[in-house]
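Colleague: Quick note on numbering: my numbering labels position 17 of the sequence shown as 17, and the sequence is numbered without any gaps.
Glycine is no exception: its CB is placed at the ideal position from the N, C-alpha and C atoms.
Here the structure is a predicted model, which is why all the values come from computation and not from measurement.
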Amino acid sequence: MTSTQSRYHDVYASWKSDPVRFWEEAAREIDWIKPADKVFDAEAGAYGRWFVGAECNTCHNALDRHVAGRGDQAAIIYDSPVTGTKRTLTYAELRDEVATLAALLQDLGVEKGDRVILYMPMIPEAAVGMLACARIGAVHSVVFGGFAPKELATRIEDAQPKLILSASCGIEGARVIPYKPLLDEAITLSTAKPEACLIFQRPQLAASLVEGRDRDWSEAVAGVRAAGRQAECVPVAATDPLYVLYTSGTTGKPKGVVRDNGGHMVALKWTMRHFFGVEPGEVFWAASDVGWVVGHSYIVYAPLFHGATAILYEGKPIGTPDAGAYWRVIAEHGVVTMFTAPTAFRAIRKEDPNATLLKGHDLSRFRALFLAGERADPDTIKWAESVLNVPVIDHWWQTETGWPVAGNPIGLGALPVKYGSPTVPMPGYVLDVLDENGKPVPPDTMGSIVIKLPLPPGCLPTLWNADQRFREAYLSVFPGYYTTSDAGYLDQDGYVWVMGRTDDIINVAGHRLSTGGMEEVLASHPAVAECAVIGVKDALKGEVPCGFVVLKSGVNRPPAEVETELVGLVREKIGPVAAFKLAITVGRLPKTRSGKILRGTMKKIADGDSWTMPATIDDPMILSEIGEALRGRGLAG
Numbered sequence: 001m002t003s004t005q006s007r008y009h010d011v012y013a014s015w016k017s018d019p020v021r022f023w024e025e026a027a028r029e030i031d032w033i034k035p036a037d038k039v040f041d042a043e044a045g046a047y048g049r050w051f052v053g054a055e056c057n058t059c060h061n062a063l064d065r066h067v068a069g070r071g072d073q074a075a076i077i078y079d080s081p082v083t084g085t086k087r088t089l090t091y092a093e094l095r096d097e098v099a100t101l102a103a104l105l106q107d108l109g110v111e112k113g114d115r116v117i118l119y120m121p122m123i124p125e126a127a128v129g130m131l132a133c134a135r136i137g138a139v140h141s142v143v144f145g146g147f148a149p150k151e152l153a154t155r156i157e158d159a160q161p162k163l164i165l166s167a168s169c170g171i172e173g174a175r176v177i178p179y180k181p182l183l184d185e186a187i188t189l190s191t192a193k194p195e196a197c198l199i200f201q202r203p204q205l206a207a208s209l210v211e212g213r214d215r216d217w218s219e220a221v222a223g224v225r226a227a228g229r230q231a232e233c234v235p236v237a238a239t240d241p242l243y244v245l246y247t248s249g250t251t252g253k254p255k256g257v258v259r260d261n262g263g264h265m266v267a268l269k270w271t272m273r274h275f276f277g278v279e280p281g282e283v284f285w286a287a288s289d290v291g292w293v294v295g296h297s298y299i300v301y302a303p304l305f306h307g308a309t310a311i312l313y314e315g316k317p318i319g320t321p322d323a324g325a326y327w328r329v330i331a332e333h334g335v336v337t338m339f340t341a342p343t344a345f346r347a348i349r350k351e352d353p354n355a356t357l358l359k360g361h362d363l364s365r366f367r368a369l370f371l372a373g374e375r376a377d378p379d380t381i382k383w384a385e386s387v388l389n390v391p392v393i394d395h396w397w398q399t400e401t402g403w404p405v406a407g408n409p410i411g412l413g414a415l416p417v418k419y420g421s422p423t424v425p426m427p428g429y430v431l432d433v434l435d436e437n438g439k440p441v442p443p444d445t446m447g448s449i450v451i452k453l454p455l456p457p458g459c460l461p462t463l464w465n466a467d468q469r470f471r472e473a474y475l476s477v478f479p480g481y482y483t484t485s486d487a488g489y490l491d492q493d494g495y496v497w498v499m500g501r502t503d504d505i506i507n508v509a510g511h512r513l514s515t516g517g518m519e520e521v522l523a524s525h526p527a528v529a530e531c532a533v534i535g536v537k538d539a540l541k542g543e544v545p546c547g548f549v550v551l552k553s554g555v556n557r558p559p560a561e562v563e564t565e566l567v568g569l570v571r572e573k574i575g576p577v578a579a580f581k582l583a584i585t586v587g588r589l590p591k592t593r594s595g596k597i598l599r600g601t602m603k604k605i606a607d608g609d610s611w612t613m614p615a616t617i618d619d620p621m622i623l624s625e626i627g628e629a630l631r632g633r634g635l636a637g
């Protein structure tokens, strides 16, 4: 299947024929202090390193280079329905704020290579803090604001930050979450202690400061500003770390994904025009959080590298104030392209299935919606297409890769859509599907999705202080490949189908079945807003699937009636081999704050295994509800 309008195949072929030249040309979009001695050095690192010998500065490329021509253009628009606050920072204003904070960080002893942890809500100061670290060559590590003290402590232990940037509180919907007591407890638990903490006091809740360690952010910045001091950009090696981001749900010793400076800039800058189809000066909105990789890549960095305007949104898809929140932001700020998680649109659809709240909002400038973070079921994509009347693009990537592995590149001309597939690999990535013995499987055959080495610029070169662990976790399972831990298949046209994590493939009486495929069937039912399928231990078949469904608002039918229809639907679409006999209606599904459904924890509860409360969970009470629903069906131990 090909498209006569898309340049994708030509561009992908040009990359494949000469990868070094491809990325060398892409690197011309970046300002370098010193060009690379080698665009790619195959002998460096675990699988090679990009732009070896080059010197650069990420903050310069995000801000300083744009001030001359775009100084008065909005760099970041802060929109906070939870506080009723809006603020626009131009490129010139943002550069000055960043340079001033960077000077303060230097006053506090932060030098090139030092680590700084940010434990922040979605406020402009979070982005300012990240960019200030980049400006002086410090390595930032953002930990999602509100993370439990124990989890924050493990990250402090691993990163050993010289300084922590935080705020007095975060706001989750209508709840004010005090951050300072959590931070204080984490520092107490950690053997590694920061030399100082800089605390931004929010009007919603003031925090008490620890004498000798804590400083008031605004007062300290005001002092530096009054002295007229600003930090200049510090040259760093392209291969030096820009940040460390700990993967969510980590137990035991945390897994810190390292991102370097040079390759990160090259890859992200390339994606803005060629993948997302966004031009400099346009407004791009990634509805995520700076605590996640999406917030790093597509709120703070990529739009600014590209000279675009980024939206920094402190709110939810529903409840702040209603399911029309996204439409207001798109219309009010002239967003051309949005990127969010499928779960956000499932929530909107559940609350407002006919999109009545869309009426009255001018979305004439809006061109495309991108979905990623978990599998985008076809039903959600079709619903979004029907109400928005723009392309809805499913794409797939990971914290480790930092930018899309596969997708439909509208910047190169969109390819035909296959619902349920994130389309095709991007330049930089060769995807294969392997069986348990590491052998390639035929098209349309389920297996482990892997990426042929070397990984392209922008992907992780290693884990923080854990090179051997990096090799063992990602490179040793299938030699010559990076293991994604995702399962799926490639079809005859080269489209990739990501059906779930490899541990979401269940073995029913010897048949390997995808829970994602079953979820796709359940989601197609007109009464279902969202769903999750897990494998539950079974003495006879090894595992059997169990489906959890949340019904749409306004559905007045008896849940048992819908559940019976769902069992029949899976039997009809997938067949008796699925052994799908249990659908359970619940009020909501347990999710991380980034919107991923906690299937692994649900499975442990269903199997009666021991489990711990995930650090990233959005609402711990939901797991109790899931346990009650399972016990009502004779499960959960």
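1) Would you kindly check if the distance between the Cβ of residue 186 and the Cβ of residue 156 is under 8 Å?
2) Give the range of the beta strand (DSSP E) segment to which residue 38 is assigned.
3) In angstroms, rounded to a whole number, what distance separates the CA positions of residue 325 and residue 380?
4) Can the beta-carbon of residue 429 be found closer than 8 Å to that of residue 451?
5) Here's the rule: buried if 16 or more other CB atoms are within 10 angstroms of the residue's CB, otherwise exposed. What is residue 309?
6) What are the start and end residues of the beta strand (DSSP E) that includes residue 199?
7) Starting from residue 499, follow the beta strand (DSSP E) in both directions and report where the run begins and ends.
8) In chain order, what are the residue ranges of uninterrupted beta strand (DSSP E) at least 3 long that sit wholly in the stretch 454–499?
9) At which residue ranges does the stretch 137–218 contain complete alpha helix (DSSP H) runs of 4 or more residues, listed in the order of the chain?
10) In its own chain, which residues sit with a C-beta less than 8 Å from the C-beta of residue 569, not counting the 5 before and 5 after it?
11) If I'm right that residue 120 touches residue 145 with Cβ under 8 Å, what's the distance once you round it to whole angstroms?
12) Ordered along the chain, which non-local residues of its own chain (more than five positions away) have a Cβ less than 7 Å from that of residue 642?
13) When the Cβ atoms of the stretch 373–391 are set against those of the stretch 267–274, are three or more pairs found closer than 8 Å?
14) Over what stretch of residues does the alpha helix (DSSP H) that includes residue 80 continue unbroken?
15) Would DSSP call residue 622 helix, strand or coil?
16) Could you spell out the range, first to last residue, of the alpha helix (DSSP H) harbouring residue 271?
17) DSSP three-state label for residue 557, please.
18) Indicate the three-state DSSP secondary structure (helix, strand or coil) for residue 366 in the structure shown.
19) State the CB to CB distance for the pair residue 238 and residue 62, rounded to an integer number of angstroms; the pair is presumed to be in contact (CB under 8 Å).
20) Sorted by chain position, which residues of the same chain lie with C-beta nearer than 6 Å to residue 251's C-beta, five sequence neighbours on each side aside?
21) Near residue 87, which residues of its chain fall below 7 Å by C-beta distance, leaving aside the five closest residues on each side in sequence?
22) To which residues does DSSP link residue 448 through a beta bridge?
23) Enumerated in chain order, which unbroken segments of the alpha helix (DSSP H) with a length of 4 residues or greater are wholly contained in the stretch 513–601?
24) With residue 374 and residue 596 assumed to form a contact (beta carbons below 8 Å), what rounded beta-carbon distance in angstroms separates them?
25) For residue 285 and residue 342, what's the separation of their Cα atoms in angstroms?
26) Measure from the alpha carbon of residue 333 to the alpha carbon of each residue in 322, 168, 344 and 366, then state which is nearest.
27) Quick one: residues in its chain with C-beta nearer than 8 Å to the C-beta of residue 201, no 5 flanking neighbours on either side, listed in chain order?
28) Name the two residues that bound the continuous beta strand (DSSP E) containing residue 394.
29) What separation, rounded to the nearest whole angstrom, lies between the Cα atoms of residue 562 and residue 397?
30) How far does the alpha helix (DSSP H) with residue 326 in it reach, from first residue to last?
31) When the Cα of residue 337 is compared with those of 368, 178, 361 and 212, which residue comes out closest?
32) How is the alpha helix (DSSP H) around residue 26 delimited, first residue to last?
33) Would the beta-carbon of residue 8 fall within 8 Å of that of residue 528?
34) What is the rounded straight-line gap between the Cα of residue 127 and the Cα of residue 296?
35) When burial is assigned at 16 or more other CB atoms within 10 Å of the CB, is residue 196 buried or exposed?
36) For residue 249, name the three-state secondary structure that DSSP assigns.
Modeller: By the coordinates alone:
1) As a working mapping, residue 156 is identified with position 156 in the sequence shown. As a working mapping, residue 186 is identified with position 186 in the sequence shown. For residue 156 and residue 186, yes; Cβs fall inside 8 Å.
2) To locate residue 38, count along the sequence shown from 1; it is residue 38. Where residue 38 is concerned, the enclosing beta strand (DSSP E) stretches over 38–41.
3) Here residue 325 refers to the residue found at position 325 when the sequence shown is read from its first residue. Here residue 380 refers to the residue found at position 380 when the sequence shown is read from its first residue. In a straight line, the C-alpha of residue 325 is about 18 Å away from that of residue 380.
4) For the purposes of this step, residue 429 is taken as residue 429 along the sequence shown, with counting starting at 1. For the purposes of this step, residue 451 is taken as residue 451 along the sequence shown, with counting starting at 1. Yes, the pair counts as a contact, with Cβ atoms nearer than the cut-off.
5) The residue you call residue 309 lines up with position 309 of the sequence shown. By the neighbour-count rule (16 or more Cβ atoms within 10 Å), residue 309 is buried.
6) The count along the sequence shown starts at 1 and reaches residue 199 at position 199. Its beta strand (DSSP E) spans residues 196–200.
7) Your numbering for residue 499 matches position 499 in the sequence shown. Under the DSSP assignment, residue 499 falls in the beta strand (DSSP E) whose first and last residues are 496–501.
8) 481–490
9) 149–159 and 180–189
10) Residue 569 sits at position 569 when you count from the first residue of the sequence shown. Answer for residue 569: 521, 522, 524 and 525, listed in chain order.
11) Counting from 1 along the sequence shown, the entry for residue 120 is found at position 120. Counting from 1 along the sequence shown, the entry for residue 145 is found at position 145. Right, the Cβ-Cβ distance comes to about 5 Å (below 8 Å), so this counts as a contact.
12) Examination of residue 642 is not possible in this model, given that the chain is present from 1 through 637 alone.
13) no
14) Here residue 80 corresponds to residue number 80 of the sequence shown, with the count starting at 1. Counting along the chain, residue 80 falls outside any alpha helix (DSSP H), though it belongs to the beta strand (DSSP E) covering 74–80.
15) As a position in the sequence shown, residue 622 is number 622, starting the count at 1. The answer is helix: DSSP assigns residue 622 an H, G or I state.
16) Sequence index remark: in the sequence shown, residue 271 carries index 271 (1-based). That run of the alpha helix (DSSP H) goes 262–274.
17) Numbered from 1 along the sequence shown, position 557 holds the residue referred to as residue 557. Correct three-state label for residue 557: coil.
18) Along the sequence shown, one-based indexing puts residue 366 at 366. Residue state for residue 366 is assigned as coil, using DSSP reduced to three classes.
19) Within the sequence shown, numbered from 1, the residue matching residue 238 stands at position 238. Within the sequence shown, numbered from 1, the residue matching residue 62 stands at position 62. Not really, about 15 Å apart at Cβ, beyond 8 Å.
20) Stepping through the sequence shown from its first residue, residue 251 is reached at position 251. Bear in mind that a pLDDT of 43 at residue 251, under 50, signals an unreliable position, so the number given afterwards is only what the model happens to contain. Answer for residue 251: no residue qualifies.
21) For the purposes of this step, residue 87 is taken as the residue at position 87 of the sequence shown. These residues qualify, in order along the chain: 78 and 124.
22) The residue you call residue 448 lines up with position 448 of the sequence shown. In DSSP, residue 448 forms a bridge with 434 and 487.
23) 515–523 and 559–573
24) Reading the sequence shown from its first residue, position 374 is the one you call residue 374. Reading the sequence shown from its first residue, position 596 is the one you call residue 596. The pair is a contact, with the Cβ atoms about 5 Å apart (cut-off 8 Å).
25) As a first step, residue 285 is located in the sequence shown; it is residue number 285 there, counting from the start. As a first step, residue 342 is located in the sequence shown; it is residue number 342 there, counting from the start. Spanning the two alpha carbons is a distance of roughly 15 Å.
26) Counting from 1 along the sequence shown, the entry for residue 333 is found at position 333. Among 322, 168, 344 and 366, the Cα nearest to that of residue 333 belongs to 366.
27) If you number the sequence shown from 1, residue 201 lands on position 201. Answer for residue 201: 167, 168, 207, 216, 217 and 218, listed in chain order.
28) Residue mapping note: residue 394 aligns to position 394 of the sequence shown, counting from 1. 392–394 is the span of the beta strand (DSSP E), which, as asked, contains residue 394.
29) Locating residue 562 in the sequence shown gives position 562, counting from the first residue. Locating residue 397 in the sequence shown gives position 397, counting from the first residue. Whole-angstrom Cα-Cα distance: 34 Å.
30) As a working mapping, residue 326 is identified with position 326 in the sequence shown. Note, residue 326: alpha helix (DSSP H), 325–333.
31) Reading the sequence shown from its first residue, position 337 is the one you call residue 337. Ranking 368, 178, 361 and 212 by Cα distance to residue 337 puts 368 first.
32) Locating residue 26 in the sequence shown gives position 26, where the first residue counts as 1. Start and end: 19–26.
33) Sequence index remark: in the sequence shown, residue 8 carries index 8 (1-based). Sequence index remark: in the sequence shown, residue 528 carries index 528 (1-based). Pairing residue 8 with residue 528 gives a Cβ-Cβ distance that is not under 8 Å.
34) Walking along the sequence shown from the start, residue 127 turns up at place 127. Walking along the sequence shown from the start, residue 296 turns up at place 296. Whole-angstrom Cα-Cα distance: 9 Å.
35) By one-based count along the sequence shown, residue 196 stands at place 196. Residue 196 is buried by the Cβ-count criterion.
36) For the purposes of this step, residue 249 is identified with residue 249 of the sequence shown, where counting begins at 1. In this prediction, residue 249 has a pLDDT of 41, which is less than 50 and means its spatial position is unreliable; nothing more can be read from the coordinates.
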